[in-house]
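0 is the number of the first residue of the sequence shown in numbering that gives the first Met the number 0; add one for each residue after it.
Glycine included, C-beta positions come from ideal geometry on N, C-alpha and C.
The structure under discussion appears below in the form of structure tokens.
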Amino acid sequence: MDVKTLIDETTTAKFVQTFKVLSDATRFELLNLLLTHDLCVGALARRLGISEAAVSQHLKQLREAGLVKGEKRGYWTHYAVERDRLNRVAEALTGLTVLPRCPEGACTNRPGKKNDCRKEGIKMCDYNCSCQYPERLKGTPEECTPEQIRECHGGEEHPCGEEEGVKE
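This is the structure in structure tokens:
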């Protein structure tokens, strides 16, 4: 899964909703049971010691999050985990760990402060972590126009621009 998709607001909202659903201990237990067995509401209720109505409500939320599916088998509906969806959620969460981390003490674009990148010589454009408007950058400083670098850094002179001959 491409980690960049997490930046998309719609995708982020879906993952947040999924994590909210999983944050309930009973729903998490239901999911855990359904990972090893396809079970009906009655069986789930007996195993968890809660009412069938409560199980149904929890299953509804798990279904809406795309984490479980129901399959009609005669009179009963048996539920199972949507493993592909669960894997996508796990991959997205794991993918967050590979996002580049800003270096310790990286610039926060505050001239004169302890972590001012101009003092430290840090190329903050390389990290896109403290630019005022990172969405205006093309990628690396080499791909940006002098105007984009100035806009990103609030019109301040900056080491990223100095290499490219950008001066205020």
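How is the beta strand (DSSP E) around V80 delimited, first residue to last?
Numbered from its first residue, the sequence shown carries residue 80 at position 81. That run of the beta strand (DSSP E) goes 75-80.
Report yes or no: do three or more beta-carbon pairs, one from the stretch 14-22 and one from the stretch 33-46, lie closer than 8 angstroms?
no
Assuming L66 and L30 form a contact by the criterion Cβ under 8 angstroms, report the distance between their Cβ atoms to the nearest whole angstrom.
Counting from one through the sequence shown, the residue named residue 66 turns up at place 67. Counting from one through the sequence shown, the residue named residue 30 turns up at place 31. Going by Cβ atoms, the distance from L66 to L30 rounds to 6 angstroms, so yes, they are a contact pair.
Alpha helix (DSSP H) containing G41: first to last residue?
The residue labelled residue 41 in the question sits at position 42 within the sequence shown. Here the alpha helix (DSSP H) through G41 covers 40-47.
Terminal residues of the continuous beta strand (DSSP E) containing E70?
The residue you call residue 70 lines up with position 71 of the sequence shown. Element bounds for E70: 67-72.
Could you tell me the distance, in whole angstroms, from the CA atom of T168 to the CA atom of R82?
Residue 168 is absent from the model: the chain starts at 0 and stops at 167.
Where does T144 sit, in a helix, a strand or coil, going by DSSP?
The residue you call residue 144 lines up with position 145 of the sequence shown. Three-state DSSP puts T144 in coil, outside helix and strand.
Output needed for V54: all residues of its chain with C-beta closer than 8 angstroms, excluding positions within five of it in sequence on either side, in chain order.
If you number the sequence shown from 1, residue 54 lands on position 55. Around V54: L29, V40, L43, A44, L47.
Helix or strand or just coil, what does DSSP make of A53?
As a first step, residue 53 must be located in the sequence shown, where it is residue number 54. Helix.
Is the distance from the Cβ of I49 to the Cβ of T25 below 8 angstroms?
Stepping through the sequence shown from its first residue, residue 49 is reached at position 50. Stepping through the sequence shown from its first residue, residue 25 is reached at position 26. Closer than 8 angstroms, so yes.
Within 10 angstroms of its Cβ, does A91 collect 16 or more other Cβ (buried), or is it exposed?
Position 92 of the sequence shown, counted from the start, is the residue given in the question as residue 91. Buried.
Give me, in chain order, the residues of the same chain whose beta-carbon lies closer than 6 angstroms to that of G69; leave out the 5 immediate sequence neighbours on both sides.
Walking along the sequence shown from the start, residue 69 turns up at place 70. So the list reads T76, Y78, once near-sequence residues are dropped.
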